[in-house]
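Enquirer:
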Amino acid sequence: MMHELKILPEYFQAQAKGVKTFEIRENDRNFKVGDDLWLREYDSKSKKYTGNGLVVNITYLTSYMQKEDYVVLGTKLKAFVCSQCGDECDCKEVFKLANGKYICNFCKYILENE
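The UniProt record's numbering puts the last residue of the sequence shown at 114; the count rises by one with no breaks.
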C-alpha cells in the first residue's frame with residue numbers, strides 16, 4: 001500500500017541524503033512493514049508542494065516510547081520523484097554526481113538534495 005504524506009524541506013533533505021532513515025507519524029493510516037510512503041516536500045511558508053518527492057519503504061515499525069497513536073517508521077529509500085518530469089525514477093536509474101546531487105535519468109534534471 002502507498003501512503004501519501006507531506007514532509008517539510010529540512011526532513012525531506014535528510015531523507016534524500018540518507019542520513020534520516022525514519023519517520024515519526026500519527027498512525028492514523030494503519031501503517032505496516034512493507035508499505036510505501038510517498039513523501040511530498042511541502043513548503044509551510046507558501047503552503048504549497050515543491051514538486052519534489054521521495055518514495056520510501058517501511059522496513060520497521062514500533063510504537064515504543066511514543067505518544068499515544070504515534071509510531072516510528074524505519075524507512076529505506078526506493079525512488080526519487082523528479083519535480084520537472086514528474087516520473088517516479090527507480091533509484092537504480094538516478095545517478096549520484098560527484099557534488100553529491102542526483103540527476104534524473106529521464107529528463108536530466110539535477111535533483112536538489114542539499
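A virtual CB, placed ideally from N, CA and C, is assigned to each residue, including glycine.
Measure the beta-carbon distance from T59 to V33 and round it to whole angstroms, keeping in mind my assumption that it falls under 8 Å.
Expert: In the sequence shown, the residue the question calls residue 59 occupies position 59. In the sequence shown, the residue the question calls residue 33 occupies position 33. Going by Cβ atoms, the distance from T59 to V33 rounds to 7 Å, so yes, they are a contact pair.
Enquirer: Y11 to E23, Cα distance in whole Å?
Expert: Residue numbering aside, residue 11 sits at position 11 when the sequence shown is read from its first letter. Residue numbering aside, residue 23 sits at position 23 when the sequence shown is read from its first letter. Going by the C-alpha atoms only, they are around 9 Å apart.
Enquirer: So does the stretch 43 to 52 actually touch the stretch 64 to 74, counting three or more Cβ pairs closer than 8 Å?
Expert: With a cut-off of 8 Å, the stretch 64 to 74 and the stretch 43 to 52 do not count as touching, because too few Cβ pairs lie within range.
Enquirer: Count the other CB atoms within 10 Å of the CB of M1; is the residue buried (16 or more) or exposed (fewer)?
Expert: Translated into positions along the sequence shown, residue 1 becomes position 1. Result: exposed.
Enquirer: On the CB-based measure, 16 or more other CB atoms within 10 Å of its CB, does A79 come out buried or exposed?
Expert: In the sequence shown, counting from the first residue as 1, residue 79 sits at position 79. So A79 ends up on the buried side.
Enquirer: Between the C-alpha atoms of Y49 and S83, what's the straight-line distance to the nearest angstrom?
Expert: Start at 1 with the first residue of the sequence shown, and residue 49 comes out as number 49. Start at 1 with the first residue of the sequence shown, and residue 83 comes out as number 83. If I take the Cα positions, the gap works out to 10 Å.
Enquirer: Please report the distance separating the alpha-carbon of T62 from that of A16.
Expert: As a position in the sequence shown, residue 62 is number 62, starting the count at 1. As a position in the sequence shown, residue 16 is number 16, starting the count at 1. Whole-angstrom Cα-Cα distance: 22 Å.
Enquirer: Determine the DSSP secondary structure at F80, reduced to helix, strand or coil.
Expert: Along the sequence shown, one-based indexing puts residue 80 at 80. Here F80 sits in strand by DSSP.
Enquirer: Starting from the C-beta of K6, find all residues in its chain whose C-beta is less than 7 Å away, skip the five residues before and the five after it, and write them out in chain order.
Expert: Here the question's residue 6 lines up with position 6 in the sequence shown. Excluding residues within five positions, the ones whose Cβ falls inside 7 Å are R40, Y42.
Enquirer: Answer yes or no: do E4 and D69 have a C-beta to C-beta separation smaller than 8 Å?
Expert: To locate residue 4, count along the sequence shown from 1; it is residue 4. To locate residue 69, count along the sequence shown from 1; it is residue 69. Not in contact: E4 and D69 (Cβ atoms no closer than 8 Å).
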